[in-house]
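Using this note's numbering, the first residue of the sequence shown is number 79, and each one after it goes up by one.
Structure record follows, encoded as structure tokens.
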Amino acid sequence: MNKTLNTSSKFLDIFKRILVKFRKSGFGIKLIKNLPKLTDYFNDRDVSILGKIKVFFSFVVTIIYFVFAIDIIPEVLFGPIGFLDDAFMIIWMIGTINEELEKYRGPKDYSIRNSKKVYKNPNIIDDVSYNIKDED
């Protein structure tokens, strides 16, 4: 009995984390806005290879889950409730990809980042020069 409660609690915690990711992604709207960043994200050498693998892996796993007939909750047995696992996979993919794309701010080179193609971080001020005067 205690193992069952512990397992269900862990499952609900995981589900909660995924739903929070989905909410932070604006229920998929921010992902749609961030999709043009995807090519820059994969071509940028400053981006961690683990981040790229994470985005690619989440997309591929979701596609494989839909292509193959393997289901955690089969629609044949449970009817419309069986679509919950499919929705869960989509929510997980959207949250994971959007989380990584939100971290990505574009190339560090000013000339590239100044182009309209690259997304800028509003917290970074470019093209600023400083003069320090020593007062005697």
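Idealized CB from N, CA, C, for every residue including glycine.
Three-state secondary structure (DSSP) of residue i
i: residue 208; result: coil
i: residue 123; result: coil
i: residue 216; result: Since the first residue shown for the chain is 79 and the last is 214, residue 216 is missing from the structure and cannot be characterised.
i: residue 107; result: helix
i: residue 116; result: helix
CA-to-CA distance, residue j to residue i, given in whole angstroms
i: residue 144; j: residue 163; result: 10 angstroms
i: residue 107; j: residue 160; result: 25 angstroms
i: residue 158; j: residue 105; result: 21 angstroms
i: residue 95; j: residue 141; result: 21 angstroms
i: residue 92; j: residue 166; result: 11 angstroms
i: residue 131; j: residue 147; result: 25 angstroms
i: residue 156; j: residue 175; result: 30 angstroms
i: residue 135; j: residue 87; result: 26 angstroms
i: residue 109; j: residue 102; result: 10 angstroms
i: residue 154; j: residue 121; result: 42 angstroms
i: residue 139; j: residue 113; result: 18 angstroms
i: residue 133; j: residue 81; result: 33 angstroms
7 angstroms Cβ shell around residue i - same chain, five flanking residues per side excluded
i: residue 100; result: 169, 172, 173
i: residue 71; result: The requested residue 71 does not occur in the structure, where the chain is confined to residues 79 to 214.
Cβ shell of residue i (< 6 angstroms), same chain only, five flanking positions each side left out
i: residue 127; result: none
i: residue 129; result: 178
Exercise. Return the chain-ordered ranges of every alpha helix (DSSP H) run that is complete within the segment 146-181 and spans a minimum of 4 residues.
Key: Counting only runs of 4 or more, we get 153-156, 162-181.
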